[in-house]
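K.L.:
Residue 189, in the numbering used here, is where the sequence shown stops; the numbers in between run on with no holes. We treat Cβ as the ideally placed atom computed from N, Cα and C, and that holds for glycine.
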Amino acid sequence: MLTDLKLYYIDNNTNSLNKISAFSPFLYKCTQTLFSVKKDYSLIKNIYGHSIALHSSAFKYGSIISGQGICPPSSEILKPGVKLEVHCIQPLYTLYTQGPKIVSLERPCVPNSAFLIHNTCSTPLTEKNNGRCIEVLKDTEGFVSYCPILFMTLMTFDIKFTQDQGEFIQWSITLEEF
Numbered sequence: 012m013l014t015d016l017k018l019y020y021i022d023n024n025t026n027s028l029n030k031i032s033a034f035s036p037f038l039y040k041c042t043q044t045l046f047s048v049k050k051d052y053s054l055i056k057n058i059y060g061h062s063i064a065l066h067s068s069a070f071k072y073g074s075i076i077s078g079q080g081i082c083p084p085s086s087e088i089l090k091p092g093v094k095l096e097v098h099c100i101q102p103l104y105t106l107y108t109q110g111p112k113i114v115s116l117e118r119p120c121v122p123n124s125a126f127l128i129h130n131t132c133s134t135p136l137t138e139k140n141n142g143r144c145i146e147v148l149k150d151t152e153g154f155v156s157y158c159p160i161l162f163m164t165l166m167t168f169d170i171k172f173t174q175d176q177g178e179f180i181q182w183s184i185t186l187e188e189f
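Written out as structure tokens, the structure is:
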């Protein structure tokens, strides 16, 4: 169900994508965590006691991606401030939905990563509008699961080399959506 992690370097001068391999094919383990990026905003209560957030920016994700293998990510991307297009391995889920319906996704979808989850089965779904929408067919229902494409800035990185029964490199990068 999950896609392979891919990172694409975004050139600041031309705003074009350059395909850079995130890791070698010898990656033994990879994990990704998504979290909310805290933005400065205030909460106020209206006269009815309901909380209202005073901010104009959209919700942003942060991510920690770590891996283990014989090669770390490309040294071209291991610089704080580098912008990347991240094809995530961590899925997002929508609210429960019933077809027929076109479901708008909060982020673009990694190709072939969308599934309708119902009870113990999952059904592949078709992406539309460059991965921004998913079509849920008639007489189907469930949660839509998809891996998002996030446009992120590299904040920090960490590389650790160990030599036990062979050489292994553990690495971790922290990213924030821009």
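Hey, quick one: how far does the beta strand (DSSP E) through Val-147 stretch, first residue to last?
P.N.:
Taking the sequence shown and counting its residues from 1, one reaches residue 147 at position 136. Here the beta strand (DSSP E) through Val-147 covers 144-147.
K.L.:
For Ile-76, collect the residues of the same chain with a Cβ closer than 6 Å to its Cβ; drop the 5 residues on either side in sequence, then sort them by chain order.
P.N.:
Your numbering for residue 76 matches position 65 in the sequence shown. Around Ile-76: Gln-43, Ile-184.
K.L.:
Using 9 Å as the threshold, is the C-beta distance between Thr-164 and Gly-110 below it?
P.N.:
Within the sequence shown, residue 164 is the residue found at index 153, counting from 1. Within the sequence shown, residue 110 is the residue found at index 99, counting from 1. Not closer than 9 Å, so no.
K.L.:
What is the DSSP secondary structure of Thr-14, reduced to helix, strand or coil?
P.N.:
Reading the sequence shown from its first residue, position 3 is the one you call residue 14. Because the pLDDT at Thr-14 is just 47, under 50, the model does not fix this residue reliably, and the point stays unresolved.
K.L.:
Just tell me which of Val-97, Leu-136, Trp-182 has its CA closest to the CA of Ser-74.
P.N.:
Within the sequence shown, numbered from 1, the residue matching residue 74 stands at position 63. When only C-alpha atoms are compared, the closest one is Val-97.
K.L.:
Helix or strand or just coil, what does DSSP make of Thr-131?
P.N.:
Counting from 1 along the sequence shown, the entry for residue 131 is found at position 120. In this structure, Thr-131 counts as coil in the three-state DSSP scheme.
K.L.:
Short of 6 Å in beta carbon distance, which residues of its chain neighbour Leu-13, apart from the five on each side in sequence? Order them along the chain.
P.N.:
Translated into the one-based positions of the sequence shown, residue 13 becomes position 2. Confidence at Leu-13 is low in this model, with a pLDDT of 41, below 50, so its placement is unreliable and no value can be given for it.
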